[in-house]
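Protein chains: 4
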Amino acid sequence: MLIALKRDANPETVEATLRGRGLWTRRLEGSAGAPALSIEQGSAGISATDLAGIEGVAEVFTAPSAHPRVDAQAGSRPFDAGPVLLAGPCAVEDEAQIHQAARCAARAGARYLRGGAFKPRSSPYAFSGRGELALSWLADAARENNLLVVTEAMSEAQVERVAKVADLLQVGSRNMANFALLHAMGRTKKPVLLKRGMSATIEEWLLAGEHLMNAGAKSVIFCERGVTGFDAHTRNLLDLGAVALLKHHYHLPVIVDPSHAVGRRDLIPPLAHAAMAAGADGLLVEMHPKPARALSDGPQALTPEQLTHLAQEMGLLATEAAP
Amino acid sequence: MLIALKRDANPETVEATLRGRGLWTRRLEGSAGAPALSIEQGSAGISATDLAGIEGVAEVFTAPSAHPRVDAQAGSRPFDAGPVLLAGPCAVEDEAQIHQAARCAARAGARYLRGGAFKPRSSPYAFSGRGELALSWLADAARENNLLVVTEAMSEAQVERVAKVADLLQVGSRNMANFALLHAMGRTKKPVLLKRGMSATIEEWLLAGEHLMNAGAKSVIFCERGVTGFDAHTRNLLDLGAVALLKHHYHLPVIVDPSHAVGRRDLIPPLAHAAMAAGADGLLVEMHPKPARALSDGPQALTPEQLTHLAQEMGLLATEAAP
Amino acid sequence: MLIALKRDANPETVEATLRGRGLWTRRLEGSAGAPALSIEQGSAGISATDLAGIEGVAEVFTAPSAHPRVDAQAGSRPFDAGPVLLAGPCAVEDEAQIHQAARCAARAGARYLRGGAFKPRSSPYAFSGRGELALSWLADAARENNLLVVTEAMSEAQVERVAKVADLLQVGSRNMANFALLHAMGRTKKPVLLKRGMSATIEEWLLAGEHLMNAGAKSVIFCERGVTGFDAHTRNLLDLGAVALLKHHYHLPVIVDPSHAVGRRDLIPPLAHAAMAAGADGLLVEMHPKPARALSDGPQALTPEQLTHLAQEMGLLATEAAP
Amino acid sequence: MLIALKRDANPETVEATLRGRGLWTRRLEGSAGAPALSIEQGSAGISATDLAGIEGVAEVFTAPSAHPRVDAQAGSRPFDAGPVLLAGPCAVEDEAQIHQAARCAARAGARYLRGGAFKPRSSPYAFSGRGELALSWLADAARENNLLVVTEAMSEAQVERVAKVADLLQVGSRNMANFALLHAMGRTKKPVLLKRGMSATIEEWLLAGEHLMNAGAKSVIFCERGVTGFDAHTRNLLDLGAVALLKHHYHLPVIVDPSHAVGRRDLIPPLAHAAMAAGADGLLVEMHPKPARALSDGPQALTPEQLTHLAQEMGLLATEAAP
C-alpha cells in the first residue's frame, strides 16, 4: 500500500498518525517532488477508505485482493458451534482399529473422525494406506458413532470415491499447490480442509483456497500444521502468528494440527491449547487406540485417554464424563 | 541416541515398544551384523537408563549434555509466583514518558518495568536510545512504582552501568552469540534474560545460556521472540514449539515476547495467550503511553488500556481493578 | 552413522583419524561403558567398510539407503556428451512464438526446447497455458529445428498426452511430492526431469526420484531451481551446495534452472556459470523472442542474443557462430 | 518502488515496457481513480530517472537508500588486482603451525594469511583460541612470507590489539549485528571484512556495513559464508544469488568463504569456482598443514596440496609452479 501526501502535508505528522494506528511506514520521494509513504507488510489492517480520510493524505494506492472468493468467506463459521475436534488415527489400518478409534473419538467429544485411506509417504516403500477398502470401514465406523468423516485424497483419480464418503475433503500439505487436485476437489462442491504447504506464504495459501473456491468448493477451512524450520528438535515450526492473522485479520475458518507440528505426544496438549488461544476454530489430532502398534506416525499419536483429557481441558467434555 | 540390540532380539518388537513411548526410530545395520536402532531428533524425552531396561536392548549410546549448568536450572522457578508480566516502552524516551509508562505497567499488574536505554538498530542513523541518562530515569520510575527493572546492555562497556540499575539483565536477539557480552554479563552474577537469536537452534540457545552460567550468571531466563521466517506478512515466526520444549522437556524458565514476534498490536493478545498456554512463565510486552508518539516500534506497542485488558485476561488483575 | 570403539581404543586417536578424513564427530557414551563416536550429517562421504578398517573401530552402524534405485543411477551420464542447454519460453503462447523460440534455441546450441503447455500458477485467474494445442505446436517447432522436447505435466490426466510429445517429462517444484503424478510419470517409462520442491531436503528429493524410478521411469535428472529463502531481494535461494553434493557425492545427473532461482535477467548469466562450476550437467533457461510481450515470467526471460552469448561463454558455441 | 500513471495512460502498455526491462509489476488502484504499478523486490535494477522517462508515467516514488556510505563504495576495487586468496588455518594453534601454514599459503599464491587468535565457539568449553600470543605469531608468520593479515576480533576490548596486527579486520557471522563491535572496528579506520549474519537479509547486511563506514572504517568487504538452511546435509546454504547481487547490482567488494558454507573438504573446490563465477572478488579458505591434528574445523580444512591445486585452477598460480 502506498499513500501519496498532499504537497503541503507534514509527512512527520501523517507518519505519527499512521504509527498510532499500528502501521509500519517508510518515507518515499516522488520524482516530481511529491512526498509519499509506503505501508509495510506486517502492519495492522486498515481500509483504504480510512486511510484516505486522514488529514494530509492525497491518494491511497492499494492492490486489489487476489482471492475474492476466499475473502467472501470472511466471518463464516465453519462449524455449527463451539470449537470442533477432528480426531482419529493417522491411517485406517483395519476394520477393528478404525471402529475402536471411532468409539474413542466419539467418547472424547470429537465431531469428525479422521483416518487416511490414501497416505502420501516420502518413501515409495512405506505403508501408504489400505485404499478403497479403508474408505468403507471409515464410513461405517463414523456412522455408527455419529461422527462426520474427514479424509484425504492425494490423486485426482481418488477424489470422486473419497467425496462419496467424506463430509470434509482433506488436501495434504504436499499437495497444497497441486492445482489439478484442487480443481478436482472443488468440482465436488464439498467443503475442503486445506493444509498449508511446508513453505507456503500466507498469500500462496489463500490463493490455493481461491483455486478450490473458483472450482466450486462449498467452503475452505484452512489448517496450519507447521512449516519447514531450521531445527530438527521440533519436527516442524508451528506458525500460530498465521493462525492469528487468518482468524483476527481475515476472519477465515482455520484449524490447527498440533500432531504433525510437533511430532511428539507429550508436547501436543500445550500446543493444542496454544492454537485455540491464538484463534483456531478447532483441532485436527492424531489418536490411536494402540500407538505402539500404529503402522505410521505412532510416536505422535495420542492415546484415547490423552485425547479425552485434552477434550476436557478444551471444555468439549464435562469432567465427570471421562471414563 | 543409538540403541544396539542383542543379537537374538527382534528389531520389530523393540521398535514397536519404542514407538509406543513416543520415539521415532530408524533401523541401522552393523558392519559385524549386530542390529541397531537410532532415535531421531524430535522424539519424546526418555532416559538412557529407561531405554537400557527394555527387553532386547544391549547398549544405549548417548551424547553427554553440552550444557550441564543450564540443565541444573531445571525445575527452578524464575519468579516467586504465578505468571509474570514485564512491560514498558521499547525505549526510554524522556523522564515523563517512563514515569507514565511505569504507572501504567504497575496498574496492570506488571512486576518488571522494561525500557531500552541502549537500543540496537539496523540503521546507524535511527534513534538508538538516550543512554546513561535513561538508566537513571528508568530506575527512578521503577522504584516509585514498586517495579523491578529489566533492560538491555548491547556493549561490554555498558554492562557494569546497566547492572547497577537492572534486576534482570537483557541480552537482545542480535547479541545471543556475542560471547564477549555474555561473559561480561555473567561476571555480574545477576540473573539474565536471554533472547533467542533470529535463527538460533534450540541447542545453540541453550549453549549461549551455558556461556552465561559458566561466566557466573545467577540464572538464565530464556525468551522466545520469533525466528526468521519466509513470509513478511507476520514480522517473525513465533516458535511456541520451542517454548513447549523448554518448559515441558527441559523444565527451564522461559518467557515470550509477543510484541516483536508479530509486530502488530491487534495480534499481540491472542499470541500472548497462546504463549502462556504453550508453557511460558511470563510475557515481555511493549506498551507505550502514547504509541503514536513513540520514537521506535510504535506500531507494536500496546496502549495502557490494552495492557490492562491483557493482564485481566491473564488473571493477573481482578476485573474490577481495571480503571 | 555410529562407530562403536574397541574397549581399549583411544577415542582421541580415532577422532583425529576421522577428522583427517573429513568427518565431523561427536563423542557418545555407552550405557555399558563402551566408547562410541557418531558421524554428523554434512561430513565427507566414506564407506562403512573403510571406517571398519580403522584401528580401534569395533563396529560401524549405518542406515541402509532409502533410495536404492536412484543410487543405481550413480555415474550415469544423462546426456550423450558435454554440458546440455535446455532453453525456450516459460509458456508456449502461440504457434509463431514457439517456432521463433525454437529457431533461437537451436541457433544457440540448445539440445532441448522447453515451453509450458500446462502452467501451474499461484492464482487461478492467471494465464495457465494453451494446453493440448500448445503440445502439438511445441512438437512441430522442436522437430523442425532438430531439438528434443522437455515439458511439464501437472496433472495425472495430462501425463499420457504430454508423454507422446516430450522426450523428457518435467515435474515442477510444486509437484515434487505429488506422488500420484510421479507414479503416472514413472509408468510412461520415460526419463524425467525432477525439480526440487521449494523446501525439500535433499533426502526428500532423492526419495521423490525413487518414487519415479520405482514406478518405472527410465532415468531421473534432478533440477535445482532455488529453495524458499527469507529475503525477497532474490526470488529464491539457489542451493549450489546441493548441486555439488548430488554431483560429487552421489554422482547423479543434475541440472540447474537459474531463471527461476534469481528471477532477473541480468543475474542469470553469472548464476548459470556458477551452476556449471558447482557440477551441473546442464542448464534449463527461460528465453523469449520478445520478453516484453511474454504472457508469463517475462522479466526473467533472456533475449535470444543473451542466450547465444551465454552459450558461447559456456563453450557450447564457437564464438564466430554467433549471429 | 511505485509508479503513478497518467490518467490517460494504458496500464497494459506500460506494464509490457517494464516487463521488457526486467521488472516484476503489480497493478494498484488509487482511491481517487489514478492507475499505478508497484515494482516488486527481486526486479532488475533501474533508476527512477529512467522510469520517469517512460511514456505514460506520471511520477515515480522511491525510498532513498538507507546506506549511502556503503553505496559510495560502488565500483571500488577491494584488492589491487585479480582475484585474491585469503587462506590459513581456522585457528592459530602454535608458532610452528602458523609458520608452516603461512609458507603453504604463500606458495599457493595467497595474498592474505588468515588465522583466528580469538575464536567464537558455540560451547564455552570448546577451544577458543590462543589469544594475544597468537596475534604476534600470526604477524611474524605473515611478515616472513610476505603476506597480509586478516583476523577476527570478537570483543570491543580486543579491537585495538587486533588492529595493530591485522591489515583487514574480520567481523564474524555471529557478530554482524553486534553494533558496539562494529563501531569499535570502524574507529580504527581500517578496512573491514564483514561476514554475513546467519539469517541476515541483504539489506541488514548492507546496513551493518553502513554502521562500519559511519564509524570510520576505510572500506568494507562483504563476505558470504552460507546462511541458515533447513537441511543439515550441507552445513549452511551458500547464497551465490546474494554474491551476484552485491557484485552486479550494487557493484560492491564481495568475497566468499566456501569452507564454512559447505563444511566438507571435497565440496569446497566446486563451490569455490562457483563463487568466482557468480562474481566474487576472492575467496577466504581454511587450510591446515595437518587437518587431522586441527584443534577446530579440521574436517573442512583443505590440505596445502589441495589449496595449491585450487589456486592453479583459479589461475592464481602457473601450473608448473606447483610443488
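Residue numbers (the working numbering), protein chains in the order written: chain A, 1 to 323; chain B, 1001 to 1323; chain C, 2001 to 2323; chain D, 3001 to 3323. Glycine residues also receive a C-beta, built at the ideal position from the N, C-alpha and C atoms.
Please report the residue range of the beta strand (DSSP E) in which residue i lies.
{"i": "GLY88(A)", "result": "84-88"}
{"i": "SER2296(C)", "result": "Careful: SER2296(C) lies outside any beta strand (DSSP E) and carries neither H nor E."}
{"i": "GLN73(A)", "result": "From DSSP, GLN73(A) is part of no beta strand (DSSP E); its letter is neither H nor E."}
{"i": "SER2038(C)", "result": "2035-2039"}
{"i": "VAL3171(D)", "result": "3168-3171"}
Output, in chain order, the set of chain A residues within a Cβ distance shorter than 9 angstroms of residue i.
{"i": "LEU1194(B)", "result": "The premise fails here: LEU1194(B) is roughly 17 angstroms from chain A at the closest Cβ pair, so nothing lies under 9 angstroms."}
{"i": "ALA3063(D)", "result": "ARG26, ARG27, LEU28, GLU29, SER38"}
Answer yes or no: do residue i and residue j have a C-beta to C-beta separation smaller than 8 angstroms?
{"i": "MET1287(B)", "j": "ALA1087(B)", "result": "yes"}
{"i": "ARG3069(D)", "j": "GLY2298(C)", "result": "no"}
{"i": "PHE1230(B)", "j": "ARG1196(B)", "result": "no"}
{"i": "LEU2051(C)", "j": "LEU2005(C)", "result": "no"}
{"i": "GLY22(A)", "j": "SER43(A)", "result": "yes"}
{"i": "GLN97(A)", "j": "ALA1232(B)", "result": "no"}
{"i": "ALA1215(B)", "j": "ARG1187(B)", "result": "yes"}
{"i": "ALA3066(D)", "j": "LEU3246(D)", "result": "no"}
{"i": "LEU1212(B)", "j": "VAL1227(B)", "result": "no"}
{"i": "ARG174(A)", "j": "ALA2177(C)", "result": "yes"}
{"i": "ASN3145(D)", "j": "ARG3103(D)", "result": "yes"}
Residue i versus chain A: which residues are under 8 angstroms apart at the beta carbon?
{"i": "THR3188(D)", "result": "Those within 8 angstroms of THR3188(D) in chain A number zero; the least Cβ separation is about 33 angstroms."}
{"i": "PRO1304(B)", "result": "What PRO1304(B) touches in chain A: nothing, since even the nearest Cβ is about 14 angstroms away."}
At a CB-CB cut-off below 7 angstroms, which residues of chain B make contact with residue i?
{"i": "VAL235(A)", "result": "For the sequence presented, residue 235(A) should be read as Arg rather than Val. Correct list: GLY1042."}
{"i": "PHE2230(C)", "result": "THR1228, GLY1229, PHE1230"}
Starting from residue i, follow the alpha helix (DSSP H) in both directions and report where the run begins and ends.
{"i": "GLU224(A)", "result": "Premise fails: GLU224(A) lies in the beta strand (DSSP E), 219-224, not in any alpha helix (DSSP H)."}
{"i": "GLU132(A)", "result": "132-144"}
{"i": "ILE98(A)", "result": "95-107"}
{"i": "ALA2157(C)", "result": "2156-2165"}
{"i": "ARG27(A)", "result": "That residue, ARG27(A), is in no alpha helix (DSSP H); its beta strand (DSSP E) goes 25-30."}
{"i": "GLN312(A)", "result": "304-313"}
{"i": "LEU2182(C)", "result": "2179-2187"}
{"i": "LYS3195(D)", "result": "Run containing LYS3195(D): none in the alpha helix (DSSP H); it sits in the beta strand (DSSP E), 3191-3195."}
So which residues on chain C does residue i lean against when the C-beta distance must stay under 7 angstroms?
{"i": "ALA1048(B)", "result": "SER2031"}
{"i": "SER3199(D)", "result": "PHE2230"}
{"i": "ALA3087(D)", "result": "Residues of chain C passing the Cβ test: none, with the nearest at roughly 18 angstroms."}
Quick one: list the residues of chain A neighbouring residue i, beta-carbon separation under 7 angstroms, in chain order.
{"i": "ALA3034(D)", "result": "GLU59"}
{"i": "ASP1239(B)", "result": "LEU237"}
Under 8 angstroms Cβ-Cβ, which residues of chain B neighbour residue i?
{"i": "LEU2002(C)", "result": "LEU1002, LEU1028, ALA1036, SER1038, PHE1061"}
Residues of chain D with a CB under 8 angstroms from the CB of residue i: which are they?
{"i": "ASP2266(C)", "result": "GLY3022, ALA3044, GLY3045, HIS3248, HIS3249"}
{"i": "ALA1261(B)", "result": "Residues of chain D passing the Cβ test: none, with the nearest at roughly 15 angstroms."}
Output, in chain order, the set of chain B residues within a Cβ distance shorter than 9 angstroms of residue i.
{"i": "ALA2052(C)", "result": "SER1031, ALA1032"}
{"i": "ASP257(A)", "result": "The contacting residues do not exist; ASP257(A) stays about 13 angstroms from chain B at best."}
If the cut is a Cβ gap below 7 angstroms, which residues of chain D does residue i touch?
{"i": "SER1155(B)", "result": "GLU3156, ALA3180"}
Could you tell me whether the Cβ of residue i comes closer than 8 angstroms to any Cβ of chain E?
{"i": "ALA66(A)", "result": "The structure shown has no chain E; the protein chains it does contain are A, B, C and D."}
Practice task
Assess, as a yes-or-no matter, whether the region 47-58 of chain A is touched by the region 198-210 of chain A under the definition of 3 or more beta carbon pairs within less than 8 angstroms.
Solution key: no
Handout entry: Segment contact flag, the region 305-315 of chain A with the region 1018-1033 of chain B, C-beta cutoff 8 angstroms, min 3 pairs
Key = no
Practice task
Check distances from the C-beta atoms of the region 2119-2147 of chain C to those of chain A and list, in chain order, the residues that come in under 7 angstroms.
Solution key: PRO2120, SER2122, SER2123, PRO2124
Problem - Given 8 angstroms, three or more beta-carbon pairs between the region 2106-2122 of chain C and the region 2130-2147 of chain C - result: Counting Cβ pairs under 8 angstroms, three or more are found: they touch.
Handout entry: Contact between the region 1129-1136 of chain B and the region 1168-1180 of chain B (3+ Cβ pairs under 8 angstroms)
Key = For the pair of segments examined, the region 1129-1136 of chain B was found not to touch the region 1168-1180 of chain B: the number of CB pairs separated by less than 8 angstroms stays below three.
Handout entry: Selection of the region 1168-1184 of chain B by Cβ proximity to chain D, strictly under 8 angstroms
Key = ARG1174, ASN1175, ALA1177, ASN1178, PHE1179, ALA1180, LEU1181
Handout entry: Any 3 or more C-beta pairs closer than 8 angstroms across the region 3252-3261 of chain D and the region 3279-3296 of chain D
Key = yes
Practice task
Please list the residues of the region 3200-3226 of chain D that have a C-beta atom closer than 7 angstroms to any C-beta atom in chain B, keeping them in chain order.
Solution key: GLU3204, LEU3207, GLU3210, HIS3211, ASN3214
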